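Contents: one structure, followed by commentary.
There are 2 protein chains.
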Amino acid sequence: MGKVYLVGAGPGAVDLMTLRGARILASADIVFYDALVGNELLSLAPRAIHVPVGKRSGIASTDQRIINRCLVTAARHHQCVVRLKGGDPMVFGRAQEELDALSAAGIDTEVVPGITTALAASAQVKIALTRRGTSRSIIFATPAIGDGEADSDWAAAIKSQSTVALYMGLNQAERLVQSMKFHGVPGNTPVLVMENVSTPDARQMVTTLSELPEANNWRHDGPVMVLIGRVFDRMVQTEAVELLEALPG
Amino acid sequence: MGKVYLVGAGPGAVDLMTLRGARILASADIVFYDALVGNELLSLAPRAIHVPVGKRSGIASTDQRIINRCLVTAARHHQCVVRLKGGDPMVFGRAQEELDALSAAGIDTEVVPGITTALAASAQVKIALTRRGTSRSIIFATPAIGDGEADSDWAAAIKSQSTVALYMGLNQAERLVQSMKFHGVPGNTPVLVMENVSTPDARQMVTTLSELPEANNWRHDGPVMVLIGRVFDRMVQTEAVELLEALPG
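Read top to bottom, the protein sequences are chains A and B.
For the first sequence, numbering that gives the first Met the number 0 assigns the number 0 to the initial residue and increments by one for each residue that follows.
For the second sequence, numbering that gives the first Met the number 0 assigns the number 0 to the initial residue and increments by one for each residue that follows.
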């Protein structure tokens, strides 16, 4: 019987993988990887069979139960099985379902943490997610459409000095904004939208809660991260100054 | 003029450093490191001068302004200056103050994210921090003594299916418990206390909010992380079963 490693691939850049993750990939026999894991990352596992099991919102996905069964079967035929998951495996990754299925089948597991995208986003723009007097906590969430209770939590958190990192698509932006405003979050609260964090295709847009719905027109193909909070105030101000300076005359 | 890299050291284990962080350390001329960064991690920077600038609660610490000035001065004498910070540099690390001081002095900076301790803790116990139907978000916080507003936020979050990770000492446990109960968090909510996450000295204790004050008697020398939330229910149950099985007769 082999062992299954749930390895965090990090946000996208190959060298944001951990040393431990890279070592395990180097000796992997088979790697089951998410849609967001790129070819460069897979090159860290040259000996392994590479099996895509992508799940991306809006795109036909592999059923979670099928993934679980693949992992169990693979562990019966290979020594070193890797489940490579974007970001950190334990954050919004349905890792528990995989771990439980493997445990039920008596298969040994190990989890290797990864850099979660919000932290790589913070490093990229050089704005810390906590700051004395501005933000004393961080919330990682996925917006659940129509979930008023969750919305009210985030709204309360933003109002009382938290930074919120939403692992989401921009298609939910309009509903989110309406809900935040309903719960009393000021319209001038800064919002940072980041696509393809840590990769050469990285793009970002700084806006405010009031102006976020216009971002619906912002075309994007890659994974998007939305960060909300007062720590980003200085980015909004910098952009405003740059716009003024660019005006003719 | 040199460049200053703020590098996340991760939770403690050397091989939870990123490939990028390790590469930068290998060519570093001087490394300013926190009290929680061990000798093994420093061995990744064999060419560098190693300067401790430890800040630990309760122990005499180096003033933040002095650290800022050290970094600026070092960048004027060395090509590659590393500020090595435990966990991720942008989470509770006062990184913004260092970045701002360097920026004001016209010094180039780069931030390399690290594995934040809460994610390594989750990997270690193999319990995901989010799970469908149990936890839909994660909050990273430091308890601010007597900060009723923050307490009320966490309490609301725990009640509405969030996992809370507190970067704190156990000496604040009693006050925290009283406050959580006052805000209506059930006493049987699971609490996981972890010391020296990811290192050979790692220790953990599973308890509940009601029983956490007894943990004050739990002696610890290393950094402690407190995780609260329903995702840890199964750990409390497992421990209860083990205790029953250990009873004589």
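The beta-carbon is built from N, C-alpha and C at its ideal position, and this holds for glycine as well.
Fair warning: this is a prediction, and the values are worked out from it, not measured in the lab.
Query, Result
"So, with DSSP's three-state summary, where would you put P142(A)?", "coil"
"Kindly list the residues whose CB is nearer than 6 Å to the CB of I138(A), restricted to its own chain and excluding five residues on each side of it in sequence; keep chain order.", "A156, S161 and V163"
"Helix or strand or just coil, what does DSSP make of R233(A)?", "helix"
"What's the call for D220(A), buried or exposed, on a 16-neighbour Cβ count within 10 Å?", "exposed"
"Under 8 Å, Cβ to Cβ, is there at least one residue of chain B near L40(A)?", "no"
"Helix, strand or coil: which one does DSSP assign to H76(A)?", "helix"
"Beta-carbon within less than 6 Å of V30(A)'s beta-carbon, same chain only, minus the 5 sequence neighbours each way: which residues are those?", "A44, A47, H49, V81 and L83"
"How many Å lie between M167(A) and P222(A) at the Cα?", "8 Å"
"Does chain B have any CB closer than 8 Å to the CB of S121(A)?", "yes"
"I need the straight-line Cα distance from A27(B) to D14(B), nearest angstrom please.", "18 Å"
"Give the residues from the region 103-117 of chain A that approach chain B closer than 7 Å (Cβ to any Cβ), ordered along the chain.", "T108, V110, V111, P112, I114 and T115"
"So does the region 186-206 of chain A actually touch the region 0-13 of chain B, counting three or more Cβ pairs closer than 8 Å?", "no"
"Tell me, please, which residues DSSP counts as bridged to K2(B).", "C79(B) and D107(B)"
"Can you say whether I126(B) is buried or exposed, counting buried as having 16 or more other CB atoms within 10 angstroms of its CB?", "buried"
"Mind listing the chain A neighbours of M16(B)? Cutoff is C-beta to C-beta under 8 Å, in chain order.", "T17 and L18"
"Assign A122(B) to one of three DSSP states: helix, strand, or coil.", "helix"
"Between the Cα of G92(A) and the Cα atoms of A74(A), D152(A), T108(A) and D33(A), which residue gives the shortest distance?", "D33(A)"
"Taking 8 Å as the CB-CB limit, is V190(A) close to chain B?", "no"
"Run the CB neighbour count on T72(A), radius 10 Å, all protein chains shown included, and call it buried at 16 or more, exposed below.", "exposed"
"Within the same chain, show all residues whose beta-carbon is closer than 7 Å to that of A172(A), passing over the 5 residues directly before and after it, in chain order.", "L211, P212, A214 and N215"
"Would a C-beta distance cut-off of 8 Å place A100(B) and L70(B) closer than the cut-off?", "yes"
"Using beta-carbon positions only, say whether G132(A) and G20(A) come within less than 8 Å of one another.", "no"
"Could you tell me how far apart the beta carbons of T265(A) and G86(A) are, in whole angstroms, since I believe they sit closer than 8 Å?", "Outside the shown range of chain A, which is 0 to 248, sits residue 265(A), and nothing can be said about it."
"Starting from the Cα of V110(A), find the closest Cα among V90(A), A122(A), S121(A) and R233(A) and give me that residue.", "V90(A)"
"Under DSSP, the alpha helix (DSSP H) around M179(A) begins and ends at which residues?", "A172 to F181"
"From G150(A) to L175(A), what distance separates their C-alpha atoms?", "Sequence check: residue 150(A) is Asp here, not Gly. So the two alpha carbons sit approximately 8 Å from each other."
"Just the Cα atoms here: how many angstroms apart are G9(A) and M16(A)?", "6 Å"
"Any idea if V38(B) is buried or exposed, counting beta-carbon neighbours within 10 angstroms, 16 or more meaning buried?", "Residue 38(B) is actually Asn in this sequence, not Val. Its Cβ having fewer than 16 others within 10 Å, N38(B) is exposed."
"Would you please state the rounded distance, in angstroms, between the beta carbons of S136(B) and A104(A)? I believe it to be under 8 Å.", "Going by Cβ atoms, the distance from S136(B) to A104(A) rounds to 30 Å, so no, they are not a contact pair."
"Short of 9 Å Cβ to Cβ, which residues in the region 71-100 of chain B face chain A?", "D87, P88, M89, V90, F91, G92, R93, A94, Q95, E96 and L98"
"What number of angstroms, rounded off, separates the C-alpha of I227(B) from the C-alpha of A245(A)?", "50 Å"
"Could you have a look at G113(B) and say whether DSSP puts it in helix, strand or coil?", "coil"
"Per the DSSP calculation, F31(A) is bridged to which residue(s)?", "V50(A) and R82(A)"
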